[in-house]
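A.B. asks: Numbering (full-length UniProt numbering), first residue to last: 1 to 206.
Dropping the structure in here first, questions after.
Here it is as structure tokens:
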């Protein structure tokens with residue numbers, strides 16, 4: 001069975017994004033951490049499919065198709081977290097993301113042109129269950145609070161990877177909403193970093 005892994009960065013007060021409509025509704029608040037980037041790059045070979053909500057897909061589409069060339073040239077590129085210097089970790093992530101099958105859920109987009117992308121107008125939990133049974137590597141979802149919420153509501157996420165940043169946003173959006181009952185999770189790992197970030201990994205019980 002292919003696992004579905006959710007990866008999100010959140011503030012210490014539990015928000016993964018600023019409020020909808022905020023003029024600063026970006027990810028520049030995220031506290032960078034090179035060790036987390038290296039761990040993500042090392043684990044990228046275990047993933048071959050990415051699920052997206054439309055907003056996160058738009059952000060990724062504007063950055064990752066060009067990141068490999070930037071990494072080769074050693075330049076700097078503006079990404080959703082702010083300007084970053086190209087690195088081997090960025091190149092590894094860019095290669096995985098560009099090669100991966102990308103499924104984007106959107107009622108407003110009419111087409112997608114980024115390679116290996118597929119558009120879905122509606123979320124079908126049974127289709128996700130079939131993805132999990134199909135041959136292949138792991139499935140990951142970044143950001144995409146609306147789709148994370150739907151996956152959580154149908155108990156389809158196998159591992160929650162949460163990087164807690166050492167700051168308070170004061171208000172914003174939760175990455176999981178609408179779960180009807182208390183859902184227990186098992187702590188797999190808790191690791192702190194010099195930046196003040198903390199990586200939490202939880203698996204789904206059962």
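Quick reminder that beta carbons are idealized off the backbone N, C-alpha and C, glycines included.
1. Apart from the five residues on each side of it in sequence, which residues of its chain come closer than 6 angstroms, Cβ to Cβ, to residue 47?
2. Pop quiz: residue 19 and residue 172 are said to be a contact at Cβ under 8 angstroms. What is the actual Cβ separation, rounded to whole angstroms?
3. What's the C-alpha gap between residue 24 and residue 53?
4. If you drop the 5 nearest sequence neighbours on each side, which residues of the same chain put their C-beta closer than 8 angstroms to that of residue 155?
5. Tell me the residue span of the alpha helix (DSSP H) that contains residue 132.
6. Once you ignore the five residues that flank residue 177 on each side, which residues in its own chain have a CB closer than 6 angstroms to its CB?
7. Using a Cβ-Cβ cut-off of 7 angstroms (strictly less than) and excluding sequence neighbours within five positions of residue 44, which residues of its own chain qualify?
8. Which residues in the same chain have their Cβ closer than 6 angstroms to the Cβ of residue 157, if we skip the five residues on either side of it in sequence?
9. For residue 170, which residues of its own chain have a beta-carbon under 8 angstroms away from its beta-carbon, when the five flanking residues on both sides are left out?
10. Name the one or two DSSP bridge partners that residue 118 has.
11. With the cut-off set at 8 angstroms, would you say residue 147 and residue 27 are in Cβ contact?
12. So the beta strand (DSSP E) residue 147 belongs to, where does it begin and stop?
13. Three or more C-beta pairs closer than 8 angstroms, one from the stretch 127 to 134 and one from the stretch 108 to 117: is that the case here?
14. Kindly indicate which three-state DSSP category residue 202 falls into: helix, strand or coil?
15. If I'm right that residue 36 touches residue 193 with Cβ under 8 angstroms, what's the distance once you round it to whole angstroms?
16. Spatial neighbours of residue 186 within its chain, please: C-beta separation below 6 angstroms, excluding the five flanking residues on both sides.
C.D. replies: Put simply:
1. So the list reads 137, 138, 140, once near-sequence residues are dropped.
2. 6 angstroms between Cβ atoms; contact.
3. For residue 24, the pLDDT reaches just 45, beneath the cut-off of 50, and the residue's location in the model is therefore unreliable, leaving the point undetermined.
4. 183, 204
5. 125 to 133
6. Hits under 6 angstroms: 149.
7. 92, 93, 96
8. Closer than 6 angstroms at Cβ, skipping near neighbours: 4, 6, 151.
9. 13
10. 103
11. no
12. Here residue 147 belongs to no beta strand (DSSP E); instead the alpha helix (DSSP H) covers 145 to 153.
13. no
14. Residue 202 falls in the strand class under three-state DSSP.
15. 7 angstroms
16. 203, 205
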